[in-house]
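Chains as they are written, first to last, in this note's numbering: chain H, 57 to 636; chain G, 1130 to 1501.
Idealized CB from N, CA, C, for every residue including glycine.
Quantities reported herein were computed from a predicted structural model and do not represent experimental measurements.
Report on the following structure.
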Amino acid sequence: MSTLDIAAPPRRKLLDARRLAPLLMILIVGVLVLAPLLRILLATLTPAGLDAWSAILASSMSPNLWWRPLMNTLILGLGVSAGCLLLGGFTAWLVVMTDVPGRRILGVMHTLPFMIPSFAAALAWGTLFRNSRMGGSSGFFEANGFVIPDWLAWGIVPVLIVLIAHYYSLAYTIIAAALSSVGADLVEAAQMTGARRPRIFFGIVLPVVTPALVSAASLTLAGAVANFAAPALLGLPVRMQTLSTRLFGMIEIGQAERGFVLALLLIAVSGVFLFLSDRLVSGRRAFVTVTGKGGRTRRFPLGMWRWPLFAAGFGLAILTTVVPVVVLVASSLAPQTGALFSNWTLHFWLGEGGGQIAQGNAGIFRNPVLIGALFNTLKLGVVVALISMVLGLALAHTITRNKGTVLANVLSQLAFLPLLIPSIAFAAAYIALFGAPLGPLPSLYGTFTLLVIAAAAHNLPYAVQAGRSVLGQISTDLEESARLTGAGPLRRMWAIVFPLAIRGLLAGAILVFVKMVRDLSLVVLLFSATSPVLSMVAYRYAAEGFMQFANAITVLILVICLAASLIAQALQARIQKWKE
Amino acid sequence: MFKTLRAALLAAACVPALAAAQDLNQMSTDELYALAKKEGSVTVFSLSSRIARVEKAFEAAYPGVDLIGLDLSSAKQIARVVAEQQAGVHAVDVLYMADAPVVLRDLLAPGRIETYVPPRVADQIEDRFKAPLLVHRLSTKVLMYNEAAYPNGSPITNLWQLTTPDWMGRVMMVDPTQRGELLDLLTEIALHPDEMAAAYKAQFGTDIAVDSDLGGAGEQFIRNLFQNDLVLLSNSDDLNKAVGTKDAANPPVGFGTYSDRRDNEEEGWALQVANNVEPANGILFPAVLAVADKAPNPAAARLLIDFMFGDDSADGGPAFAPFNVPGDYATRTTIADDPDSVPLEGLKAWTIDTESVAEHRARIADLIITLQ
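Spelled out as C-alpha cells, the structure:
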C-alpha cells in the first residue's frame, strides 16, 4: 500500500489537467493553424516561390508590389484600430456605464455595422461621395453642387472612414462585454473615498478593461489589414493598393506563389504588432474583477450631458447602420441600380417569374433553393459558432492561466494567424491536409465536417480574443476554491467559468456566427453539396449581374444576424440573473 | 484468399479501363448515356452561374443522370483542382472555365485535365478551338463607349488616341493585376508590336520611338496608357456604370464586355462597342470545357460536354440557350450569331493565342506592376 502511495503523485502529476491541457491545445492549434501555414510556407520555397520572394523584396517591382502597399496597409491597420478603439470605447462606455437614454436600442444598433458586409458601406460611400473621376452619374453631393476632391472620394481617407465605420462595432462588442463586468463595488468604493470621475475612469475602469481594449485593437487591426472589399472599391480608382488587394490579385491572375509570399509577409507584419500588444498586456499587473462578489453594474449619471451624448451615440449609429442598410434595402427594391429611389418594386423579393423584369427570374422567396440555403446557413453558422467558442474558450483559458510563459505567448500568436491567411490558400491547404485518408481517419473531402473544422479554425481569432478579454477578469480564487473542494476541470468550467464568462462568450459566438453567415470565400472552396448556403446564392445572383437579388439576400442575412444577436442578449440576461 | 482473388480481379479490370478511356472519346451520345446512367451523376465546376439552367435542360434530356453544378471563379477552380488532386481526391468531372493561359500551364501541362472533343460536333469546330483546349464560346474584352453621348459613333478610332491628353484620366479598365482577362488583353496587345507601330504612325504621322527597356510598340502603348492616368476599377459593374450611364456628360471609355450591352435597357445604359478601331478594339478570349483527370464519372462528363454544345438548330436549342447571348460567340459553326450584334468575322478584336499569351503573361504583369 505504502509503495503505491509514494508512486502515485508523480504519475498524477504527469496526467494533471494543468499540464495536459496546454499540450492538447498545442496539438489542436498545430493541426488547425500551423499545418496550413507550413504548407503555404513550403509552397514559397520551391524555385518559383524563391523567384517570388526576390521579385517582391528585391526587384524593380518592389516599390509597387511591397513597399507602397505595405505603407498603405500600416496606415489602414493603425488608423482603423485607433479609430475603432475611440468610437467603440466611447459607445461601449455610453451604453454600459452611463444612464444615457435609449441604452438598449443604442446597444443593438452599435452591434449592427459589423453584420453589414464592408462592401455595403463602401458602396454607400460611393453613392454619396463619388466624383467625376469615375464618370457615369455623379454622387449625391456632386449632384447637389458640392465639389468633391479626389482625396475625399477615393483612396486612403474614405477607406479609413469606411473600415472604421465597419469595425468599430467589433470593438464595441468586445469592450462592452468587458465593461459590464466592472463591478459596482469597485466604483462605489472609489466614490466613497472621494475620487473624482476622471480619476475613477483612469484609475479603475481603464486598467480593468485593458485586456479587452488590446483584444479589440488587435482584432480590428488584423481585420483592417486583411480587408479586401473596401480598398478594392474605393482605392483602385486612384491606384491605391494594399497588401490584401495585391495578394488577392496575384492569386487571381495565376501567380499564386507571389500571393503566398505577400500573405506570409502580411502575417509577419501583423505578427509584430500583435506581439507588441501582447507585451503591453503581460507587462503589467492583471486586474481581476469578477470575483463572485457583487457584480452589479454601476451607472454614472450624465446630468446635463445626457442628451448631447445620446445625440452623438445615436448619430453615429445612424451614419454607420441606417445609411448602409437603407442603401441596401433600396437597391433590393429599385429596378435600376443607378436610380436607387425610383420605381420601387417588390419583384426582387416576391415577384413571379416570366415577366420583363430581371430577365424573367422570380423573386428570391420564390426560389426553391432559398429555403434549403437558409437552413444550411443556419446549421453551418450555429455549429461553427459553438465549436469555435468551445475551442476558443479552452484556448483562452490556457493562455490566461499560463500568462507570461512562452507557451501562452506562442499560443496567443498562433491563434491569431487564421485571420490573416487568405481564405483561398487556407482552403487549399485544408483540402491537401484532410483530403487524403489520414491513418485511421477517413478522407474528409467534401464533407460538412471538413467545412466545419476549417471554418472553426478560420474563426478561431474571434473566439479566442472574445474569451481572453473576459477570462482575464475572472478571479482564479473561484477556481482554486472549487478545485480544493474537489471539482474536476470540466465541472469547474461548466459551473464557474462558463456562467461568469457568458456575456463575452456569446459576444464572440455572435461574431463567429455573423462572419460565417456572411462570408463566402472559404465556404465556396470547400462546399461540394448541391444545396448551397445563402452567401453562395447571393454570389450566384451577383455573378449574373442581378445585384438586386444579391442585395435582397444580404438584407436577409442581416435580419438573421440581428435575430441571432437579440437571442444571445436574451440568453445572457437569463443566465446572469444576478446582474440587475 | 478471397481478398487476393478480389485484388487480382481488380488489377485485371484496370487494364481494360485504360483502353476504355480511349473508347469513351469515340462513343456516340447513346452509348455514353447508357454508361452515364450507371454512373448516375456528373459534377461540374462552372465559371458561370448559368450552369443552373444547363442543369435543368440536361436532366430533362438525360433523366437518371444528376448534374451537380458549382459556381467557382476560374482561379478558385484551378486552386481547388490542384489541391484535390495533390491529396489524391478526384471528385470533379467537368471544368468550365476561362483564364485559358493559366489553365494551360497549371492544369493541362501537368495532366490534371484532358481535352475531349465530342465526335458529334468535332467537324463543326475550327481546329484552333479544339487544341490544346476545347473552346466552348468566345467572350470579349473590347473598347466600349457611350452611344448616347456620342451618337455619331465611337470617339476612338485608333488605340493610340487613348494615350493623348484629350483622354487623360478618361480611360477605364478593371485592374489587370486583379483580373486575368484584362492581363490577357494587355499581353495580346504587347504581342502585336508591328500592328501597334503601324497604328502609331497612322495616328501621329511619325515612327514610334520605343523606350530602350521595352520590347516593342505594344509595350510602349501599355506604358503610355498608364502614364495617361488610366483609371483602374475593381469590377466590371462599376465600369459599365461609369462608361454607359445614359445622361452622363462627357463620359469616359473603357475596356469591357460586349455582351453586357444586353443590359442597356434594364439598367439605363448606352453601352456600345467601338468596333472601327486601329489596329484592334480588344480581344476575344475562350471559355473552355475539359474533363478532369481520373474523373469519377467519365462517361457522364463526356455526355455533358457534348450536350453543352447544343443541338443542330441555329440557336443551339435549350442546351446552348443559357450561353446564347448577343456579344458572345459560339465556336460551333452551326450556331448563328445574334443578328443585332457585330458578327464574329466583323469584330475587329484579336482572338488570343493562348500558348503565346501563357508564355508572355508574367512578363507583362511585371511591367504593369512597375507602372501602377
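Taking the alpha carbon of residue i as the reference point, which residue from the options has its own alpha carbon closest?
{"i": "residue 1169 (chain G)", "options": "G:1281, G:1193, G:1228", "result": "G:1193"}
{"i": "residue 1395 (chain G)", "options": "H:627, H:602, H:318", "result": "H:602"}
{"i": "residue 1367 (chain G)", "options": "G:1386, G:1278, G:1337", "result": "G:1386"}
{"i": "residue 1200 (chain G)", "options": "G:1190, G:1173, G:1212", "result": "G:1173"}
{"i": "residue 187 (chain H)", "options": "H:208, H:133, H:553", "result": "H:208"}
{"i": "residue 1165 (chain G)", "options": "G:1425, G:1478, G:1472", "result": "G:1425"}
{"i": "residue 1295 (chain G)", "options": "G:1482, G:1382, G:1219", "result": "G:1382"}
{"i": "residue 279 (chain H)", "options": "H:263, H:300, H:259", "result": "H:300"}
{"i": "residue 1428 (chain G)", "options": "G:1221, G:1181, G:1328", "result": "G:1221"}
{"i": "residue 449 (chain H)", "options": "H:512, H:485, H:142, H:508", "result": "H:512"}
{"i": "residue 563 (chain H)", "options": "H:459, H:423, H:312, H:227", "result": "H:227"}
{"i": "residue 1156 (chain G)", "options": "G:1343, G:1251, G:1224", "result": "G:1251"}
Please list, in chain order, the chain C residues whose beta carbon lies closer than 7 Å to that of residue i.
{"i": "residue 1215 (chain G)", "result": "The chain inventory of the structure shown lacks chain C, comprising the protein chains H and G."}
With DSSP collapsed to three states, give me the class of residue i.
{"i": "residue 1170 (chain G)", "result": "strand"}
{"i": "residue 1266 (chain G)", "result": "strand"}
{"i": "residue 1255 (chain G)", "result": "coil"}
{"i": "residue 1175 (chain G)", "result": "strand"}
{"i": "residue 295 (chain H)", "result": "coil"}
{"i": "residue 212 (chain H)", "result": "helix"}
{"i": "residue 1297 (chain G)", "result": "coil"}
{"i": "residue 177 (chain H)", "result": "helix"}
{"i": "residue 1307 (chain G)", "result": "coil"}
{"i": "residue 1243 (chain G)", "result": "strand"}
{"i": "residue 123 (chain H)", "result": "helix"}
{"i": "residue 1476 (chain G)", "result": "coil"}
{"i": "residue 1398 (chain G)", "result": "strand"}
{"i": "residue 1408 (chain G)", "result": "coil"}
{"i": "residue 1371 (chain G)", "result": "helix"}
{"i": "residue 350 (chain H)", "result": "Confidence at residue 350 (chain H) is low in this model, with a pLDDT of 49, below 50, so its placement is unreliable and the value that follows should be read with caution. Correct three-state label for residue 350 (chain H): coil."}
{"i": "residue 288 (chain H)", "result": "helix"}
{"i": "residue 1419 (chain G)", "result": "strand"}
{"i": "residue 1377 (chain G)", "result": "coil"}
Beta-carbon within less than 6 Å of residue i's beta-carbon, same chain only, minus the 5 sequence neighbours each way: which residues are those?
{"i": "residue 1397 (chain G)", "result": "1375"}
{"i": "residue 370 (chain H)", "result": "none"}
{"i": "residue 1357 (chain G)", "result": "1292, 1297"}
{"i": "residue 1324 (chain G)", "result": "1408"}
{"i": "residue 399 (chain H)", "result": "391"}
If the cut is a Cβ gap below 9 Å, which residues of chain G does residue i touch?
{"i": "residue 256 (chain H)", "result": "Within 9 Å Cβ-Cβ: nothing; residue 256 (chain H) doesn't reach chain G, min ~48 Å."}
{"i": "residue 297 (chain H)", "result": "1304, 1306, 1501"}
{"i": "residue 304 (chain H)", "result": "1307"}
What does residue i reach in chain H if we use C-beta pairs closer than 7 Å?
{"i": "residue 1363 (chain G)", "result": "288, 289, 292"}
{"i": "residue 1241 (chain G)", "result": "What residue 1241 (chain G) touches in chain H: nothing, since even the nearest Cβ is about 14 Å away."}
Residues of chain H with a CB under 9 Å from the CB of residue i: which are they?
{"i": "residue 1423 (chain G)", "result": "Within 9 Å Cβ-Cβ: nothing; residue 1423 (chain G) doesn't reach chain H, min ~14 Å."}
{"i": "residue 1218 (chain G)", "result": "487, 491, 492, 499, 501, 502"}
{"i": "residue 1201 (chain G)", "result": "580, 581"}
Kindly list the residues whose CB is nearer than 8 Å to the CB of residue i, restricted to its own chain and excluding five residues on each side of it in sequence; keep chain order.
{"i": "residue 1207 (chain G)", "result": "1226, 1228, 1231, 1232, 1235, 1236"}
{"i": "residue 1401 (chain G)", "result": "1273, 1274, 1275, 1276, 1283, 1390"}
{"i": "residue 195 (chain H)", "result": "182, 183, 184, 185, 186, 187, 204, 209"}
{"i": "residue 1240 (chain G)", "result": "1422"}
{"i": "residue 291 (chain H)", "result": "128, 210, 211, 212, 215, 297, 298, 301"}
{"i": "residue 1491 (chain G)", "result": "none"}
Which residues in the same chain have their Cβ closer than 7 Å to the Cβ of residue i, if we skip the five residues on either side of it in sequence?
{"i": "residue 154 (chain H)", "result": "355, 356, 358"}
{"i": "residue 593 (chain H)", "result": "425, 426, 429, 609"}
For a contact defined as C-beta to C-beta under 7 Å, what are the partners of residue i on chain G?
{"i": "residue 189 (chain H)", "result": "1298, 1360"}
In chain G, what lies closer than 8 Å to residue i by C-beta?
{"i": "residue 117 (chain H)", "result": "1495, 1498, 1499"}
{"i": "residue 218 (chain H)", "result": "Simply none; closest approach about 14 Å."}
{"i": "residue 408 (chain H)", "result": "Per Cβ cutoff of 8 Å: no residues; residue 408 (chain H) is ~18 Å from chain G at best."}
(message) Under 8 Å: do the segment 1384-1404 of chain G and the segment 1288-1296 of chain G share three or more Cβ pairs, one atom per stretch?
(response) Flag = no, the segment 1384-1404 of chain G and the segment 1288-1296 of chain G do not touch.
(request) Determine, using beta-carbon pairs with one atom in the segment 225-244 of chain H and one in the segment 262-269 of chain H, whether at least three such pairs fall under 8 Å. (result) Between the segment 225-244 of chain H and the segment 262-269 of chain H, the count of Cβ pairs shorter than 8 Å is three or higher; the stretches touch.
(request) For the segment 470-477 of chain H and the segment 515-524 of chain H, state whether three or more C-beta atom pairs, one from each stretch, are separated by less than 8 Å. (result) The segment 470-477 of chain H vs the segment 515-524 of chain H: in contact.
(message) I'd like to know if the segment 1180-1187 of chain G and the segment 1226-1234 of chain G are in contact, where contact means that at least 3 CB-CB pairs between them fall below 8 Å.
(response) No, the segment 1180-1187 of chain G is not in contact with the segment 1226-1234 of chain G.
(request) Answer yes if the segment 485-492 of chain H comes into contact with the segment 94-102 of chain H, meaning at least three C-beta pairs across the two stretches below 8 Å, and no otherwise. (result) When C-beta atoms of the segment 94-102 of chain H are compared with those of the segment 485-492 of chain H, three or more pairs fall below 8 Å, so the two segments count as touching.
(request) Count the CB pairs spanning the segment 240-259 of chain H and the segment 208-219 of chain H that are closer than 8 Å, and state whether there are at least three. (result) Because the criterion of three Cβ pairs below 8 Å is not met, the segment 240-259 of chain H and the segment 208-219 of chain H do not touch.
(message) With a threshold of 8 Å, are at least 3 pairs of Cβ atoms found where one atom belongs to the segment 1486-1499 of chain G and the other to the segment 112-127 of chain H?
(response) These segments touch.
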